[in-house]
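One structure below.
Number of protein chains: 2
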Amino acid sequence: MKELLISLEHNGGIPLYEQIYQYIKTEIADGKIIAGEKLPSSRALSRQLSVSRSTVDLAYEQLESEGYLESRPCIGHFACDIEGFVQVEPNKGKTSQAPKRRREGYSIDFAVNGIDPGGFPQNIWRKISRQVLSDEDAGMFQLGDSQGEWKLREAIASYLHHARGVEAVAEQIVVGAGNDYLLMLLSMLLGKSSKIAMENPSYDNAWRCFRSLGHEVVSIPLDEAGMKPSELEESGARIAYVMPSHQFPMGMVMPLKRRLQLLAWAKRQSGRYLIEDDYDSEFRYIGKPIPALQGYDQHETVIYIGTFSKAIAPSIRISYMVLPATLLQQYRELGSNFSVTISKVDQKIIEIFLREGYFERHLNRMRALYKGKHDLILKNLKDMTSICQVFGENAGVHLLLKLKNGMTEEEACRLAKEAGIKVYPLLAYFPDCRQAGDGEGILLGYATLKEDEIQRGMNILKEVWS
Amino acid sequence: MKELLISLEHNGGIPLYEQIYQYIKTEIADGKIIAGEKLPSSRALSRQLSVSRSTVDLAYEQLESEGYLESRPCIGHFACDIEGFVQVEPNKGKTSQAPKRRREGYSIDFAVNGIDPGGFPQNIWRKISRQVLSDEDAGMFQLGDSQGEWKLREAIASYLHHARGVEAVAEQIVVGAGNDYLLMLLSMLLGKSSKIAMENPSYDNAWRCFRSLGHEVVSIPLDEAGMKPSELEESGARIAYVMPSHQFPMGMVMPLKRRLQLLAWAKRQSGRYLIEDDYDSEFRYIGKPIPALQGYDQHETVIYIGTFSKAIAPSIRISYMVLPATLLQQYRELGSNFSVTISKVDQKIIEIFLREGYFERHLNRMRALYKGKHDLILKNLKDMTSICQVFGENAGVHLLLKLKNGMTEEEACRLAKEAGIKVYPLLAYFPDCRQAGDGEGILLGYATLKEDEIQRGMNILKEVWS
DNA sequence: GGGTATTTGTCCGTATGTATG
DNA sequence: TCATACATACGGACAAATACC
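Order-wise, the sequence lines are chains A and B. Under this note's numbering, think of the first position of the first sequence as 554, with each following residue one higher. Under this note's numbering, think of the first position of the second sequence as 554, with each following residue one higher.
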């Protein structure tokens, strides 16, 4: 049994089952599938082609009725001997393949961004999308609320309360097209003159955004608990941007004590704010989820930012933030002049996705999926204890390896690259320069890779790094 | 292993496997089935429940994919540890009231914003949406180009060339979620110290945006051709925001001579830019469409902004701008740090909508629709020549009435309001104060009204204003 | 203790119902 | 009404693990 490389056109006028039928028929007629050979099961093929099993069934049935296939119940479909068949197929060129995307010579990319390909809940999304677009609600196409639709904000508030311990009401929530946009909006509310403290290292795109927006960014060193409060205090910053749940890229979880210290810092002087970026908190593989920093805040100093980029897909551009009461007035004066940046259709889709429990199911599924990949890497790393030590495990979709055998980051990346593997040096995530004594680090993201790719990648890394 | 007491409803609308799934999931979540516990075999359970084994299999498979169960081949299914799973329950957190929408007692609202209810091409949109969401392009859900997808930008460039005489290549185009967002992005590129000149009166939301962003806005008086070049020169502004095709709210079309004068102003000093807001250029009811100002620009001084808010729907949040070459470098340095603000799905939908000719057909349909409303108002206004004079006709989706019978705007609005009709005073669109000698003006928008509502509204206005 | 019957998850083809255009 | 596609439900065949003789 071989794999069938059928490229289907979903709306090319030709029915799906017909395309499958034609393909297999040609394969048999051309002798590429020989008599007696087993074909993929209807389930396997339907999964591979992302169509319903019934569609494959229809094709198989037609092939069977024409004598190309024989069906043995409970066993499979098998190609028949077609000697003596009349071939009435004069025309036709070959089906052309779409050109493959070049990957800069990398065969496996441990990218720290992105999601599992195929992880997007496409069928449910399509179903809800159709439902929303079939609705006769005329208001669906007029301009909506600048903060986002009320019911969506309620659904987000409810989710945040239960899943993240965030205390928020719909009034405080602002939805927007991606974290970058929300940072842009926030920058306006907080004023351009605000000095912003960031963890060192931190999420590179956030500091690029802040700098583009004209803010002064100061890097605060980390210890094993996260941003050092003493250095934050000394920095003179008014805003601190932190990722307490799973710091990027170091992967540490901020302990309660440190969280309280940061909250104390914010409270100490009026006008200070903590921006909590909870970018991938959905994915924890052991223990209970840690409630968000925002949940401990008693003095309206935390701005909580969350996103569906990691949990659903980066390309749908849906993020949200919870403004403390002290910033709401500021938002109403300045921010509400800017129309909402998410289509009302998408807002409605995600609202239903949240309210009807699809999100919960999806999260559980993705968590199981990513945990599998996570565990696979960890298992492989057990053979590499002399080469590196792992940090930031049991959460998120990336790991940090600290090199122990004297290799530099550049060396490690270069060796990997020569073997076709892309890994990421820690250096890239220090806004200014790295702090002393941090050691050499490599980031491995696993969201976009399949398990067999991970296994192959790890085998190669083991070899080239030894 | 305990016995499961599931009572299945065979025709309750909920599929059997779903009922089994829900039951077991709840048992695990409630701790009635503890981690590690063995579940009945699919055969045993199917016998007990009198359903097929595959039905139980389906439920088990789903539970496994979501991490509730673990399957050990040839041994059985076992419950997993679900500590840390998200449980979405009814909201027990803070509650808040949805803000009540006030009806304000108007029965007919000549709103200057919005589109025809029912004007959205819902069926085609749904069809394309379904097509896009059926596509198995895995890249569809990873983060895309910061400027927008290349093919969409090509499609927009092509449309702009043919329909608006805009000279642009895909490289220059930046798509974004609404004009407000694009202005925010532009503000960053142009620098916050830029003094911005606007027409007086002008589009109120644009000046609110600029002010929120910290720009100094100066109002330049208009004559019958539009913004006065001499006053613009004297203002010391570096940026001028204009609507040459159909000025809002005055409705004038800027003649070529004035356009060239503005371009000359921009050229005179380096760093000057014209922002051309072409918000409703799609709707012209007589004569040829006037090419955009951008098309006459020889010196890379015009930033062209267009939107699908008027032509398709405000709620879909799709706008675009054409950057002059001189700003592209600036965009790459600052702007490209911000991810695109439109879902890739929506980008694909609108790309197909443009490429396959749906947009052209839609525009023609809408133009005919709005022309009918437009003509109906004009016909009614012929009986009111003693009360008011009409401006800004034959384009867009609103008209300006200048009152001739001594009524003030407030009076006219009040009289209309008492009769349940909402009309809009010109005053609201002057950023600072109105210029002398402009007269009293009333805006009538007709996009959202049906023809019979317009007729009734006009009848009433005729009566109360006499 | 080694062969055998049974249990189990898994995979298979099949049939029918349902939604959409 | 009909074609297309997907959802739901059914029961048999198989191999691996296990229990039993």
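Every residue, glycine too, gets a C-beta built ideally from N, C-alpha and C.
- Item | Neighbourhood of tyrosine 873 of chain B by C-beta, 6 Å cutoff - its chain only, sequence neighbours within 5 removed | For tyrosine 873 of chain B, same chain residues with a beta-carbon under 6 Å away, outside a window of 5 residues either side, are Ile709, Ile726, Val728, Gly859 in chain order.
- Sequence-distant residues of the same chain with beta carbon closer than 7 Å to proline 774 of chain B, five excluded per side: Sequence-distant Cβ neighbours of proline 774 of chain B in its own chain, meaning closer than 7 Å and more than five residues away, are Asn753, Lys781, Glu784, Gln988.
- Task: Return no unless some Cβ of chain A is closer than 8 Å to the Cβ of methionine 796 of chain B.
- Result: It does not: the Cβ of methionine 796 of chain B has no partner Cβ on chain A nearer than 8 Å.
- Task: Round the Cβ separation of valine 516 of chain B and alanine 845 of chain B to the nearest angstrom and send it over; I've been treating them as touching at under 8 Å.
- Result: Here chain B covers residues 554 to 1019 and nothing more, so residue 516 of chain B does not appear.
- Cβ shell of alanine 721 of chain A (< 6 Å), same chain only, five flanking positions each side left out: Taking alanine 721 of chain A as the centre and dropping the five residues before and after it, the same chain places the C-beta of Ala710, Leu713, Val875 closer than 6 Å to its C-beta, in chain order.
- leucine 696 of chain B touches chain A at which residues, Cβ-Cβ below 8 Å? In chain order: Asn666, Gly667, Ser862, Pro867, Ser868.
- Kindly examine the ligand NAP and report whether one of its heavy atoms sits closer than 7 Å to the Cβ of tyrosine 574 of chain B. This structure lacks the ligand NAP; in fact it carries no ligand of any kind.
- Quick one: is aspartate 733 of chain A near chain B, going by C-beta distance under 8 Å? Under the Cβ distance rule, aspartate 733 of chain A counts among the residues neighbouring chain B, one pair being separated by less than 8 Å.
- Item | Contact between the segment 793-806 of chain B and the segment 815-831 of chain B (3+ Cβ pairs under 8 Å) | Enough Cβ pairs lie closer than 8 Å, so yes.
- Task: Please report how far the alpha carbon of glutamate 636 of chain B lies from the alpha carbon of glycine 848 of chain A, in whole angstroms.
- Result: Rounded to whole angstroms, the separation of the alpha carbons of glycine 848 of chain A and glutamate 636 of chain B is 20 Å.
- Please list, in chain order, all residues of the same chain as serine 594 of chain A whose beta carbon is under 7 Å from its beta carbon, the five residues on each side excluded. Excluding residues within five positions, the ones whose Cβ falls inside 7 Å are Gly629.
- Could you tell me the distance, in whole angstroms, from the CA atom of isoleucine 577 of chain B to the CA atom of asparagine 917 of chain A? Isoleucine 577 of chain B and asparagine 917 of chain A have their C-alpha atoms roughly 15 Å apart.
- Do valine 771 of chain A and alanine 948 of chain A have their C-beta atoms within less than 8 Å of each other? No. Outside cutoff.
- Since lysine 1003 of chain A is in the alpha helix (DSSP H), which residue starts that stretch and which ends it? Lysine 1003 of chain A -> no alpha helix (DSSP H), and no H or E assigned at all.
- Buried versus exposed call for glutamine 814 of chain B [16 or more other C-beta atoms within 10 Å across all chains shown]: Glutamine 814 of chain B is buried by the Cβ-count criterion.
- Query: Within the 8 Å Cβ cut-off, does arginine 918 of chain B reach chain A?
  - Reply: Arginine 918 of chain B does not count as touching chain A.
- In whole angstroms, what is the alpha-carbon distance linking glycine 565 of chain B and glutamine 601 of chain B? It is roughly 19 Å from the alpha-carbon of glycine 565 of chain B to the alpha-carbon of glutamine 601 of chain B.
- Counting along the chain, where does the alpha helix (DSSP H) carrying methionine 741 of chain A start and finish? Taken as a continuous stretch (DSSP letters only), the alpha helix (DSSP H) holding methionine 741 of chain A covers 732-743.
- Query: If you draw a straight line from the alpha carbon of isoleucine 905 of chain B to that of phenylalanine 912 of chain B, how long is it in whole angstroms?
  - Reply: Straight-line Cα distance between these residues: approximately 9 Å.
- Check serine 1019 of chain B in the structure and name its three-state DSSP category. For serine 1019 of chain B, the three-state secondary structure derived from DSSP is coil.
- Relative to the alpha-carbon of phenylalanine 694 of chain A, which residue among B/Asp899, B/Ile668, B/Leu622 has its alpha-carbon at the smallest distance? Among B/Asp899, B/Ile668, B/Leu622, the Cα nearest to that of phenylalanine 694 of chain A belongs to B/Ile668.
- Task: Confirm, please, whether the CB-CB distance from alanine 1000 of chain B to tyrosine 923 of chain B is below 8 Å.
- Result: Their beta carbons are under 8 Å apart, which means tyrosine 923 of chain B touches alanine 1000 of chain B by this criterion.
- Query: Taking arginine 498 of chain A as the reference, which of B/Tyr756, B/Ala750, B/Met741, B/Pro808 has the closest Cα?
  - Reply: Not covered by the structure: residue 498 of chain A. The range shown for chain A is 554 to 1019.
- Message: Measuring straight from C-alpha to C-alpha, what distance separates arginine 920 of chain A and phenylalanine 836 of chain A?
- Response: So the alpha carbons of these two residues sit roughly 6 Å apart.
- Message: Could you compute how far the alpha carbon of lysine 1015 of chain B sits from the alpha carbon of proline 978 of chain B?
- Response: Whole-angstrom Cα-Cα distance: 17 Å.
- Item | Three-state class that DSSP yields for isoleucine 792 of chain A in the structure shown | The answer is strand: DSSP assigns isoleucine 792 of chain A an E or B state.
- Query: Taking buried to mean at least 16 other C-beta atoms within 10 Å of its own C-beta, is glycine 701 of chain B buried or exposed?
  - Reply: In the assembly as shown, glycine 701 of chain B is a buried residue. Its beta-carbon has 16 or more other beta-carbons within 10 Å.
- Identify each residue in the segment 743-765 of chain A for which the Cβ-Cβ distance to at least one residue of chain B is less than 7 Å, and report them in chain order. Result list: Lys745, Asn758, Arg761, Cys762, Ser765.
- Message: Counting only C-beta atoms, is glycine 949 of chain A closer than 8 Å to chain B at any point?
- Response: Chain B, which has no Cβ nearer than 8 Å to the Cβ of glycine 949 of chain A, makes this no.
- Message: With a threshold of 8 Å between beta-carbons, can glutamate 913 of chain A be considered close to chain B, or not?
- Response: Glutamate 913 of chain A counts as touching chain B.
- Along the chain, where does the alpha helix (DSSP H) that runs through lysine 924 of chain B open and close? Per DSSP, lysine 924 of chain B is one residue of the alpha helix (DSSP H) stretching across 911-934.
- Return the residue from the list A/Thr938, A/Asp757, A/Lys704, A/Leu743 that minimises the CA-CA distance to alanine 790 of chain A. Out of A/Thr938, A/Asp757, A/Lys704, A/Leu743, A/Leu743 has the C-alpha closest to the C-alpha of alanine 790 of chain A.
- Message: I need the straight-line Cα distance from phenylalanine 891 of chain A to methionine 960 of chain A, nearest angstrom please.
- Response: When rounded, the distance between both Cα atoms is 50 Å.
- Message: According to DSSP, simplified to helix, strand and coil, what is glutamate 617 of chain B?
- Response: Glutamate 617 of chain B falls in the helix class under three-state DSSP.
- With 8 Å set as the bound, which would you pick, yes or no: does the beta-carbon of threonine 579 of chain B sit closer than that to a beta-carbon of chain A? Residue-level contact by beta carbon fails for threonine 579 of chain B and chain A, as no gap is shorter than 8 Å.
- Buried versus exposed, by CB contacts within 10 Å (16 or more), aspartate 1005 of chain B: So aspartate 1005 of chain B counts as exposed.
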